[in-house]
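For the sequence shown, the positions run 75 to 258 when the numbering used here is used.
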Amino acid sequence: MANQQFGAGRPSSPLEQIVKTKTKDGSNIRQDIPQTGWTFIECVDHITADHRCDACGYPKVRFVHKVASPNSQLTLLVGFICGGQLTGQSDTARIQEYELRRMARRRARFLTRGWSAAQKDDGLYFAWRTEDAATFWLKEQPSGTWSLHRSVRGIRDELLSTGHINRDAAAGVLFQLLFDHTGH
Ligand SMILES: [Zn+2]
Numbered sequence: 075m076a077n078q079q080f081g082a083g084r085p086s087s088p089l090e091q092i093v094k095t096k097t098k099d100g101s102n103i104r105q106d107i108p109q110t111g112w113t114f115i116e117c118v119d120h121i122t123a124d125h126r127c128d129a130c131g132y133p134k135v136r137f138v139h140k141v142a143s144p145n146s147q148l149t150l151l152v153g154f155i156c157g158g159q160l161t162g163q164s165d166t167a168r169i170q171e172y173e174l175r176r177m178a179r180r181r182a183r184f185l186t187r188g189w190s191a192a193q194k195d196d197g198l199y200f201a202w203r204t205e206d207a208a209t210f211w212l213k214e215q216p217s218g219t220w221s222l223h224r225s226v227r228g229i230r231d232e233l234l235s236t237g238h239i240n241r242d243a244a245a246g247v248l249f250q251l252l253f254d255h256t257g258h
């Protein structure tokens with residue numbers, strides 16, 4: 075029983091044409107869906123605030139809350155206010171969103187701090203940092219992409235991943251490997 079993605083894509087059912095109800099939280103939840111009884115599934119950080127809330131149409135959601143309706147087999151990707159209204163589980167969602175915000179701040183610090191950087195004779199840049207007795211390397215490739223490497227004493231330059239569009243993208247993969255266990 076695959077859940078059907080509801081409200082994704084426009085304009086099959088333009089939100090503007092749907093009669094809306096003003097909730098006590100100030101959100102405008104469309105009336106063609108169950109107004110309560112949804113279950114909070116997870117919160118996902120979109121990094122940029124570019125998601126349009128499936129329930130009210132608000133276009134600048136960054137932390138997307140996935141909720142499911144057991145009765146109608148639907149899932150919605152909504153913002154925090156609509157998620158809390160639909161599920162009544164705003165505390166659970168708040169805790170998970172808080173954890174994602176904390177991890178995003180830590181990630182931003184990781185990308186900018188703690189790196190040493192240099193340029194090789196051939197003009198390509200590289201950067202490195204030490205974590206847990208291993209040294210991690212970000213290396214610019216002749217193609218312009220960046221790769222991530224690890225070296226431990228006795229093991230020289232193990233390639234971890236490659237093909238990243240820039241240095242931050244490669245560093246972000248390392249952050250994910252080392253610290254981010256929020257699942258995204
Ligand atoms: Zn909403």
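Backbone N, C-alpha and C define an ideal beta-carbon position, used for all residues, glycine too.
Residue i burial status per 10 Å Cβ neighbour count (16 or more: buried)
i: GLN215; result: exposed
i: LEU174; result: buried
i: TRP253; result: According to the sequence displayed, residue 253 carries Phe and not Trp. When all chains shown are included, PHE253 counts as exposed.
i: THR204; result: exposed
i: GLN79; result: In this predicted model, GLN79 has a pLDDT of only 49, less than 50, meaning its place in the structure is not dependable; the value taken from the coordinates is given anyway. That one is exposed.
i: ASP99; result: Low confidence applies here, because ASP99 scores a pLDDT of 48, under 50, leaving its location unreliable; read the following figure in that light. So ASP99 counts as exposed.
i: ASN240; result: exposed
i: LEU233; result: exposed
i: ARG207; result: Before going on, a small fix: residue 207 reads as Ala here, not Arg. Classification of ALA207: exposed, given that the 10 Å Cβ count is below 16.
i: VAL152; result: buried
i: SER221; result: buried
i: ASP231; result: exposed
i: ASP124; result: exposed
i: GLY104; result: The question names Gly, but residue 104 is Arg in the sequence shown. Classification for ARG104: buried.
i: ARG181; result: buried
Candidates the options, of which the one nearest residue i by Cα
i: ASP119; options: ALA178, ILE239, GLN159, TRP220; result: ALA178
i: TYR199; options: ALA207, ALA182, ASP242, GLU205; result: ASP242
i: PRO144; options: TRP112, VAL247, ARG187; result: TRP112
i: ARG136; options: SER217, ILE229, PHE154, ALA129; result: PHE154
i: ILE115; options: ALA129, ILE107, ALA142; result: ALA142
i: THR122; options: TRP220, LEU148, VAL138; result: VAL138
i: LEU150; options: ALA182, LEU251, ASP106, ASP165; result: ASP106
i: ALA260; options: CYS156, LYS140, GLN147; result: Any property of residue 260 remains undetermined from this structure, which presents the chain solely from 75 to 258.
i: ILE229; options: ILE169, ARG181, THR209; result: THR209
i: GLU171; options: GLN147, ARG181, CYS117, TRP211; result: CYS117
i: SER146; options: GLN109, SER217, VAL226; result: GLN109
i: THR236; options: ALA167, ILE169, THR219; result: THR219
Beta-bridge pairing of residue i - partner residues as DSSP gives them
i: CYS117; result: HIS139
i: LYS213; result: PHE200, SER221
i: VAL247; result: DSSP, once it has assigned bridges, lists no residue as partnering VAL247.
i: GLN193; result: TYR199
i: GLU173; result: GLU173 pairs with nothing; no bridge assigned.
i: SER235; result: LEU222
Contacts around residue i, its chain only, beta-carbon distance under 7 Å, and the 5 residues preceding and following it disregarded
i: PRO133; result: ARG126
Beta-carbon contacts of residue i that lie in its chain and below 6 Å, excluding the five residues immediately before and after
i: SER164; result: GLY158
i: LEU185; result: ASP242, ALA245
Same chain, Cβ closer than 8 Å to residue i, five either side skipped, listed in chain order
i: TRP211; result: PHE200, ALA201, TRP202, LEU222, HIS223, ARG224, SER225, ASP231
i: LEU251; result: LEU234
Could you tell me whether the region 190-208 touches the region 157-176, where touching means 3 or more Cβ pairs closer than 8 Å?
By the C-beta criterion, the region 190-208 is judged not to be in contact with the region 157-176, since fewer than 3 inter-stretch pairs fall below 8 Å.
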